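Asks:
There are 4 protein chains.
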Amino acid sequence: MAVRAAVAGASGYAGGEVLRLLLAHPEVEIGALTGNSNAGQRLGALQPHLLPLAGRVLAETTPEALAGHDVVFLALPHGQSAAVAEQLGPDVLVIDMGADFRLQDPADWEAFYGSPHAGTWPYGLPELPGARAALEGSKRIAVPGCYPTAVSLALYPAYAAHLAEPEAVIVAASGTSGAGKAPKPHLLGSEVMGSMSPYGVGGGHRHTPEMIQNLSGAAGERVAVSFTPTLAPMPRGILATCSAKAVAGVTADAVRAAYEKAYADEPFVHLLPEGHWPATASVQGSNAVQVQVAYDAAVGRVIAISAIDNLTKGTAGGAVQSMNIALGLPETTGLSTIGVAP
Amino acid sequence: MAVRAAVAGASGYAGGEVLRLLLAHPEVEIGALTGNSNAGQRLGALQPHLLPLAGRVLAETTPEALAGHDVVFLALPHGQSAAVAEQLGPDVLVIDMGADFRLQDPADWEAFYGSPHAGTWPYGLPELPGARAALEGSKRIAVPGCYPTAVSLALYPAYAAHLAEPEAVIVAASGTSGAGKAPKPHLLGSEVMGSMSPYGVGGGHRHTPEMIQNLSGAAGERVAVSFTPTLAPMPRGILATCSAKAVAGVTADAVRAAYEKAYADEPFVHLLPEGHWPATASVQGSNAVQVQVAYDAAVGRVIAISAIDNLTKGTAGGAVQSMNIALGLPETTGLSTIGVAP
Amino acid sequence: MAVRAAVAGASGYAGGEVLRLLLAHPEVEIGALTGNSNAGQRLGALQPHLLPLAGRVLAETTPEALAGHDVVFLALPHGQSAAVAEQLGPDVLVIDMGADFRLQDPADWEAFYGSPHAGTWPYGLPELPGARAALEGSKRIAVPGCYPTAVSLALYPAYAAHLAEPEAVIVAASGTSGAGKAPKPHLLGSEVMGSMSPYGVGGGHRHTPEMIQNLSGAAGERVAVSFTPTLAPMPRGILATCSAKAVAGVTADAVRAAYEKAYADEPFVHLLPEGHWPATASVQGSNAVQVQVAYDAAVGRVIAISAIDNLTKGTAGGAVQSMNIALGLPETTGLSTIGVAP
Amino acid sequence: MAVRAAVAGASGYAGGEVLRLLLAHPEVEIGALTGNSNAGQRLGALQPHLLPLAGRVLAETTPEALAGHDVVFLALPHGQSAAVAEQLGPDVLVIDMGADFRLQDPADWEAFYGSPHAGTWPYGLPELPGARAALEGSKRIAVPGCYPTAVSLALYPAYAAHLAEPEAVIVAASGTSGAGKAPKPHLLGSEVMGSMSPYGVGGGHRHTPEMIQNLSGAAGERVAVSFTPTLAPMPRGILATCSAKAVAGVTADAVRAAYEKAYADEPFVHLLPEGHWPATASVQGSNAVQVQVAYDAAVGRVIAISAIDNLTKGTAGGAVQSMNIALGLPETTGLSTIGVAP
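So, in structure tokens, the structure goes:
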């Protein structure tokens, strides 16, 4: 009776995190685990923190290996999900944690990824207006990018309430796990500890069109986004500092009220009491989102800041939350709002 | 029907961790939370990662506040537990996460703590020979120190199997949360990041007699312990590197066999496959213990290494595990062996 | 013949850093070291990295202790410098590393610090237009704040060349040493490691008016500043991500040209080659500034990013650089542009 | 008149560190910089912290590129130095920072490295008895390994004074730069931050025979070494915790006296005052060594602990110190005992 779930790409950080969460999910039974370069290896050697699965061996990512599951999570490099998804029947719930099916406009995909667009699936950020309904009963889910999750939850209430001009300036700091597990010199511990550095500056980051898509959807008009990601010396977490010019007549109270309304009933998004600010450590390992907002009267800007765990709410937790909705389970099943701190 | 639990000292690291675990415990309902200097404050301001308890307010640590609970966890400074425990009736399960009731020999206590000895309670390290039985039905539990937990689980099988000479050399690295939340200059982030340093060198650390007690109990003779703790630039985790001269005739196979036997049925202790070594990240936030052992034939020493999370298995997880035993619940209830990594 | 220098406040981070630099300065002889709560202690116990001064003992900060020096560096809490400076004669070069004499407008001081304004001294950021000349021969120097140093050097060329609209959005990440050595719970290693968090959001940070002053001076009109500081899990370094709407007609080439011109002859500011971005580790322990700039055509914004060491160029290195100018020494004497990396 | 120095292997951590030090050396002019896989690249892209050399381009490591220098530093993978050294004339000072020429016994080399032994050069740890004299005027220098540097300086005085039994137990923690710059999954920032883990346990680390060689030389008899290295979450630094059983009749005073005598005149080794303990941050970026020693009467062991920067005193600083001696320059020229802290 349990939901039987497979994970393709079980050796990477997204795959490991979805397994960590599924192990704690009372309705899920973990089925096939697949990899490519790591096929044949014990999971204990690749993900030593997943003790209950230490003895499992990775299969190759083939249709046969993935057959016979109710849910298949894809944690594959960008561009590889469509080919795998095609071979899974229409009754299997396929949850793509890659970028392939997030964007609505094929031109955006092609501009940032350079390959033909594979399509658009229901978008796994239930907190956005209309998103939850689109996920119910769906058999295909595109899990949002980690930065778009943090940024959209920080800013969409301001846009949905028409409080902000359609030009957002965003600087976000991410832990290094967001860059994946493939070893590259600039991701070595020796390089990242003690250092902050930006990358993809000037509009080049591939998550930019996804943020534009989400904020524009909330605003009902195109929102321009200046996005600068930075790499922070920590394994997990995103802190997104977002701001936009307030429209004329906005007050601090109006801003606060918009956010209180947006998040009053959201189980994972916590609007902090005034005077408190998000910290990534507080949401580490959890599906919680900490949000705070201020109105800076001296410059007439709304400043909204969110903290998430990039691997949990930013990837695998968002995936499980969306799975719960798609399967008709209580949305919070198997997910926690309790961070591992200090 | 739920077990109603109070936590005295809820604003510190041990108190926060026990609350993190109790929130995930299916049989426990969290009752009073108390503090002293922080009484009257919202828990959300003190432990912002414990989102479900954010609105709870700390009471003062008084008999009245702690009355009416089935279990009371004491996370108090050393020397303060006895006075509080006395005022709780004999039918309340009192679990002391401080040092007060760990040592059997009053002379040890007085030598290292300088005050009169309060007594000895059943010792909450169920993996030690005889310890589990002593906890069953007990109404008083002394939770072991974090270092003694790591060291005892690394070394006791060698002593219990009479494979090692009674003189152990131990160097352990601990994350900074082991030093508590009271702000001191040498614990500032600026001081600890990028730095390793020892402290309590030469036998001065207060956990030393507890290690001697545990290892001597296993060996059936007094084991001398040279213990050097070091402070590592990480929030959580202990890596204990322990060694002792092997007795004549010991082989690598005999050592391996002793550890396999000791931990074959332990739910939280994982003897790693040969060639793999513990890492504190792998057990972060979990009650798991990673252990590995080697025999260095060139020097004739048994080298045993363990990794734990100092706040979980090393403190609050050990406390909950012992509570489960004392209450007759399945020992693993509410506890995880899955680390939060990377 | 050597320049004899005293340091008041030698036990803190700014005081320690200026001593680290003065020890390497060929023209300086280190005289009195003073403190208040730490008077009477050996420097070796307070600043164990300053081996050549380990045996020196801190005096109390009195006029007598500071008398007889050519230069006195003040590393005191905000608001305490004026009283000490008054008692030093007009021929002594007094270099204040606190905030007291940085601001030109008394109203700014009073709004952010709440006490009467002590005055304005020549401003120790020689790279700003006109600043170098004002420092030559001066006997009083106000060392800039660490954030204003990073932000002003990132953005002033865009304003000086009239390329940007007078509204800047700045998000900066700082290492924890910027918060000083006084122990506070939120600065504990356990709290900061693995976490990013903002503070002083919405215009509240005291460095904001100083940034406005510098950028407005370069622009020739008032520049509004939205400034959000964040605390990063590293001991040292500031990464400032700054942006402003470009004025009509701006091109990427024009932006690049303005920065190349501004920094062609600056010994400490390094405009990185295109495609490379600053990293705080690259300037660790050095007086160097890494700057990069981009024009994001999609949103019409200039994005300028700088990396400094907050304690070196951001505090003590800026102080020594300014001292060199004031004393007529070559500006780079005793200062390095070589970072300690990795 | 300047000493002209080349660096073969300038893109790695050892090569970068020797360049950082040579840039500050008043008698050295930096000549050829070579690499293999990175030949043709700008140093600014590979070592962005070495600002004054940013425009230099790496040549291939050929005899032609290295010709015409007074000193050639070899920062090459183990086993490659001999072939390069052969092609440099006997009048060139060749300083090998690899392992190739450190070991005296060919059997040790072959047991740990598996290839034929290339030979033995004068050993660049001047603080060892007799080592300084052997370096004077030498044209070949083998720079010690980082761990053997830390361990030998911690323990040799105890052995030279015949205070300790010939069996040492050593646990050392190293920053990640000791593992080099070649990207491997277990060295990713995501893996190392927040984690401590051992490696090479049970006598397998290649630095073990070098420690035995040094300590045996001091003791006048063979010293057995149990060595466990651990990887710590910091870029730089080694903390070596070493102990050995004291011989009969040893007192704390005798131990202290032996260390005071050994290091009374050493410019880089600082025996800390009693009650203070080494910290790696205190020696970061410097050639200093902090040493402390205790006698634990309860177990009859001498505990000696040292802190070094693995890249400076542990590699490139030791190389420059030895170069100074070989060339007849003052030993401390261009080297600092001042750490970059916090």
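Residue numbers (the UniProt record's numbering), protein chains in the order written: chain A, 1 to 342; chain B, 1 to 342; chain C, 1 to 342; chain D, 1 to 342. Just so it is clear, CB atoms sit at the ideal spot from N, CA and C, and this is done for glycine as well. Bear in mind that the values here come from a model prediction, so they are computed numbers and not experimental data.
Does the Cβ-Cβ distance between B:ALA168 and B:LEU153 come in under 7 Å?
Replies: What you label residue 168 of chain B is simply residue 168 of the second sequence in a count that begins at 1. What you label residue 153 of chain B is simply residue 153 of the second sequence in a count that begins at 1. Not in contact: B:ALA168 and B:LEU153 (Cβ atoms no closer than 7 Å).
Asks: I need the boundaries of the beta strand (DSSP E) containing A:ILE338, first residue and last residue.
Replies: Taking the first sequence and counting its residues from 1, one reaches residue 338 of chain A at position 338. Segment: none, A:ILE338 is in no beta strand (DSSP E) and carries neither H nor E.
Asks: Show which residues of chain C have a CB atom less than 9 Å away from the CB atom of B:MET193.
Replies: Taking the second sequence and counting its residues from 1, one reaches residue 193 of chain B at position 193. Per Cβ cutoff of 9 Å: GLY175, THR176, GLY189, VAL192, MET193, PRO233, MET234, PRO235.
Asks: In whole angstroms, what separates the C-alpha of B:ALA304 from that of B:TYR159?
Replies: Residue numbering aside, residue 304 of chain B sits at position 304 when the second sequence is read from its first letter. Residue numbering aside, residue 159 of chain B sits at position 159 when the second sequence is read from its first letter. Whole-angstrom Cα-Cα distance: 11 Å.
Asks: Does DSSP put D:ASP253 in a helix, in a strand, or in coil?
Replies: Taking the fourth sequence and counting its residues from 1, the one referred to as residue 253 of chain D is at position 253. In the structure shown, D:ASP253 sits in a helix (DSSP, three-state: H, G or I).
Asks: In the DSSP assignment, the beta strand (DSSP E) including B:GLY31 goes from what residue to what residue?
Replies: Position 31 of the second sequence, counting from 1, holds the residue named residue 31 of chain B. Per DSSP, B:GLY31 belongs to the beta strand (DSSP E) from 28-35.
Asks: By the 7 Å beta-carbon criterion, what residues does the segment 296-318 of chain A contribute toward chain D?
Replies: none
Asks: Determine, using beta-carbon pairs with one atom in the segment 168-177 of chain C and one in the segment 134-151 of chain C, whether at least three such pairs fall under 8 Å.
Replies: yes
Asks: On a CA-only basis, which of B:ASN310, B:SER197, B:ALA341 is nearest B:THR230? Give me that one, please.
Replies: Within the second sequence, numbered from 1, the residue matching residue 230 of chain B stands at position 230. The option with the nearest alpha carbon to B:THR230 is B:SER197.
Asks: Which residue's Cα is closest to the Cα of A:GLN292: A:VAL283, A:ILE30, A:GLY79, A:PRO273?
Replies: Locating residue 292 of chain A in the first sequence gives position 292, where the first residue counts as 1. Answer by Cα proximity: A:PRO273.
Asks: Only counting runs of 3 or more residues, tell me where the beta strand (DSSP E) segments fall wholly within the segment 136-188 of chain B, in order along the chain.
Replies: 140-142, 164-174
Asks: Please classify D:ALA309 as buried or exposed, where buried requires at least 16 neighbouring CB atoms within 10 angstroms.
Replies: For the purposes of this step, residue 309 of chain D is identified with residue 309 of the fourth sequence, where counting begins at 1. Residue 309 of chain D is actually Asp in this sequence, not Ala. Its Cβ being crowded by 16 or more others within 10 Å, D:ASP309 is buried.
Asks: Below 7 Å between beta carbons: does that hold for C:SER226 and A:VAL299?
Replies: Locating residue 226 of chain C in the third sequence gives position 226, where the first residue counts as 1. Locating residue 299 of chain A in the first sequence gives position 299, where the first residue counts as 1. Yes, these two residues count as a Cβ contact at 7 Å.
Asks: Starting from the N-terminal side, write out each stretch of the alpha helix (DSSP H) that is 4 residues or longer and does not extend beyond the segment 34-74 of chain B.
Replies: The segment 34-74 of chain B contains these whole alpha helix (DSSP H) runs: 43-46, 63-66.
Asks: Does chain B have any CB closer than 7 Å to the CB of C:LYS245?
Replies: One-based indexing of the third sequence puts residue 245 of chain C at position 245. No, C:LYS245 lies away from the interface with chain B (no Cβ there is under 7 Å from its Cβ).
Asks: Is it the case that the Cβ atoms of residue 345 of chain D and D:LEU21 are separated by a distance below 7 Å?
Replies: This structure cannot settle anything about residue 345 of chain D, because the visible part of chain D is limited to 1 through 342.
Asks: So, does the CB of B:VAL291 fall closer than 7 Å to a CB anywhere in chain D?
Replies: Translated into the one-based positions of the second sequence, residue 291 of chain B becomes position 291. Answer no: the Cβ-Cβ gap between B:VAL291 and chain D never drops below 7 Å.
Asks: Nearest CA to the CA of A:ALA161: which residue from A:GLY220, A:ALA232, A:THR176?
Replies: Along the first sequence, read from residue 1 onward, the residue named residue 161 of chain A stands at position 161. Comparing Cα positions, the closest option is A:GLY220.
Asks: Compare the beta carbon distance of A:GLU210 and A:ARG102 with 7 Å and say whether it is the shorter of the two.
Replies: Numbered from its first residue, the first sequence carries residue 210 of chain A at position 210. Numbered from its first residue, the first sequence carries residue 102 of chain A at position 102. Cβ distance < 7 Å, so A:GLU210 and A:ARG102 count as in contact.
Asks: How about B:LEU66 and B:ALA118: do their beta carbons lie closer than 7 Å?
Replies: Taking the first residue of the second sequence as position 1, residue 66 of chain B is located at position 66. Taking the first residue of the second sequence as position 1, residue 118 of chain B is located at position 118. It is not a contact, given that the beta carbons lie outside the stated cut-off.
Asks: So who's on the other strand from C:VAL320, going by DSSP bridges?
Replies: On the third sequence, residue 320 of chain C is found 320 positions in, with the first residue counted as 1. BP columns for C:VAL320 are empty, so no partner.
Asks: Please work out which residues of its chain come closer than 6 Å, Cβ to Cβ, to D:ALA262, disregarding the five sequence neighbours upstream and downstream, and give them in chain order.
Replies: Taking the fourth sequence and counting its residues from 1, one reaches residue 262 of chain D at position 262. Taken in chain order, the residues that qualify are PRO157.
Asks: Beta strand (DSSP E) containing B:ARG301: first to last residue?
Replies: Residue numbering aside, residue 301 of chain B sits at position 301 when the second sequence is read from its first letter. Where B:ARG301 is concerned, the enclosing beta strand (DSSP E) stretches over 301-308.
Asks: Checking 7 Å against the spacing of the C-beta atoms, do A:VAL7 and A:PHE73 come in under that value?
Replies: The count along the first sequence starts at 1 and reaches residue 7 of chain A at position 7. The count along the first sequence starts at 1 and reaches residue 73 of chain A at position 73. Remark: C-beta atoms of A:VAL7 and A:PHE73 approach each other more closely than 7 Å.
Asks: Quick one: give me the first and last residue of the alpha helix (DSSP H) that C:SER216 is part of.
Replies: To locate residue 216 of chain C, count along the third sequence from 1; it is residue 216. Element bounds for C:SER216: 208-219.
Asks: Check the C-beta distance from A:ILE212 over to A:VAL223 and give it rounded, since I have them as a contact under 8 Å.
Replies: Translated into positions along the first sequence, residue 212 of chain A becomes position 212. Translated into positions along the first sequence, residue 223 of chain A becomes position 223. Indeed they touch by this definition, with Cβ atoms about 6 Å apart.
Asks: Among the residues of its own chain, which have a CB less than 7 Å from the CB of A:ASN36, if the five just before and after it don't count?
Replies: By one-based count along the first sequence, residue 36 of chain A stands at place 36. Here the set comprises GLU60, THR61.
Asks: Taking DSSP as the reference, what is the three-state secondary structure of D:THR315?
Replies: Here residue 315 of chain D corresponds to residue number 315 of the fourth sequence, with the count starting at 1. In this structure, D:THR315 counts as helix in the three-state DSSP scheme.
Asks: Bridge partners of B:THR230, per DSSP?
Replies: Against the second sequence, residue 230 of chain B aligns to sequence position 230. Beta-bridge pairing links B:THR230 to B:ALA173, B:PRO198.
Asks: Might you give, ordered along the chain, the residues of its own chain that have their beta carbon closer than 6 Å to the beta carbon of A:VAL201, omitting 5 neighbours on each side?
Replies: The residue you call residue 201 of chain A lines up with position 201 of the first sequence. Closer than 6 Å at the Cβ level, and outside the excluded window around A:VAL201, lie THR228.
Asks: Check whether the Cβ atoms of B:SER190 and D:PRO342 sit closer than 7 Å, and answer yes or no.
Replies: Position 190 of the second sequence, counted from the start, is the residue given in the question as residue 190 of chain B. Position 342 of the fourth sequence, counted from the start, is the residue given in the question as residue 342 of chain D. Yes, the pair counts as a contact, with Cβ atoms nearer than the cut-off.
Asks: Pick helix, strand or coil for A:ASP296, following the three-state DSSP scheme.
Replies: Start at 1 with the first residue of the first sequence, and residue 296 of chain A comes out as number 296. Looking at A:ASP296 - three-state DSSP - the assignment turns out to be strand.
Asks: Let me check understanding here. Comparing Cα to Cα, which of C:ALA39, C:TYR13, C:ALA2, C:GLN284 lies closest to residue 355 of chain C?
Replies: Here chain C has residues from 1 to 342 only, and residue 355 of chain C is not among them.
Asks: Between C:PRO198 and chain A, is the shortest Cβ-Cβ distance under 7 Å, so that the two count as touching?
Replies: Locating residue 198 of chain C in the third sequence gives position 198, where the first residue counts as 1. Chain A contact via Cβ: present.
Asks: Where does the unbroken beta strand (DSSP E) through A:SER282 begin, and where does it stop?
Replies: What you label residue 282 of chain A is simply residue 282 of the first sequence in a count that begins at 1. Element bounds for A:SER282: n/a, residue is neither H nor E.
Asks: Among the residues of its own chain, which have a CB less than 6 Å from the CB of B:GLY79, if the five just before and after it don't count?
Replies: What you label residue 79 of chain B is simply residue 79 of the second sequence in a count that begins at 1. Excluding positions up to five away in sequence, the list reads SER115.
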